[in-house]
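Notes to accompany the following structure.
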Amino acid sequence: MTAPARPAPAVDTDSAGFWEACAREELVGQRCGTCSAWRWPPRDHCPHCHAMDPVWERLGGTGRIVGFVVVHRVLDPAFADETPLAIVHVELDGTDGEMVLTSQLQPGEWRTAAVGTPVSVRFTRVRDGLTLPTFTIRDEPQEAHRVLD
Ligand SMILES: [Zn+2]
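Numbering (the working numbering), first residue to last: 731 to 879.
Here it is as structure tokens:
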């Protein structure tokens, strides 16, 4: 039996550079080419100086969980083999706290998800033309506070 197709992100002219980088297994953020402010989500103009010149900057792919939920019920059959799973908000290192990516942890890591947990990006090739940035927990000392026990 073929697994149902996972939903794909809506790629537009503003976000195309982000998804093209993911296909190369690179994590990038968009900055303003005039004032260097981070633009997340990507957009055609700077919310600070209104310049139109976006610049893509490669990121290190690390960050910390700043929020999460654990999905225990299969809401979409495409995720049946991965449920329960943790949907996380990750504040990416090197972005001055301006870039918070919504993604998921690797299957099974929901058990140790906590606010403050350090994570690293791991690119998941879903199918031809669709590579998603997901995250895995990094082993390093932490002082995270578990929200849900
Ligand atoms: Zn600007």
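Glycine included, each C-beta is placed from N, C-alpha and C at the ideal position.
Predicted, not measured: the structure shown is a model, and the values here were computed from it.
Q: With a threshold of 6 Å, establish whether the CB of H775 neighbours any heavy atom of ligand 1.
A: Residue 775 sits at position 45 when you count from the first residue of the sequence shown. No, the Cβ of H775 stays beyond 6 Å of every heavy atom of ligand 1.
Q.
Just to confirm the assignment, what range does the beta strand (DSSP E) spanning F748 have?
A. Looking up residue 748 in the sequence shown gives position 18. Careful: F748 lies outside any beta strand (DSSP E), inside the alpha helix (DSSP H) at A746 to A753.
Q. Can we count T694 as close to ligand 1, meaning its CB is less than 6 Å from some heavy atom?
A. The chain is shown only over 731 to 879; residue 694 falls outside these bounds and no answer can be derived.
**Q.** Contact set for V812: own chain, Cβ-Cβ below 7 Å, skip 5 residues either direction
**A.** Translated into positions along the sequence shown, residue 812 becomes position 82. Checking the sequence shown, residue 812 turns out to be Glu, not Val. Answer for E812: P837, listed in chain order.
Q: Label T864 either buried or exposed according to how many other C-beta atoms from any shown protein chain fall within 10 Å of its C-beta, with 16 as the threshold for buried.
A: Your numbering for residue 864 matches position 134 in the sequence shown. Result: buried.
Q) Leaving out five residues before and five after T842 in sequence, what residues of the same chain have Cβ atoms less than 7 Å from its Cβ? A) For this step, residue 842 is matched to residue 112 along the sequence shown. Contacts found: I867.
**Q.** Those residues which DSSP pairs with S833 across a bridge
**A.** Along the sequence shown, one-based indexing puts residue 833 at 103. Residue pairing by DSSP places S833 opposite V818 in a beta bridge.
Q: Answer yes or no: do G793 and V758 have a C-beta to C-beta separation smaller than 7 Å?
A: Here residue 793 corresponds to residue number 63 of the sequence shown, with the count starting at 1. Here residue 758 corresponds to residue number 28 of the sequence shown, with the count starting at 1. Against a cut-off of 7 Å, the Cβ pair of V758 and G793 comes out as no contact.
Q) Going by other Cβ atoms of all chains shown within 10 Å of its Cβ, with 16 needed for buried, is C765 buried or exposed? A) Residue numbering aside, residue 765 sits at position 35 when the sequence shown is read from its first letter. With a threshold of 16 other beta carbon atoms within 10 Å, C765 falls short and is exposed.
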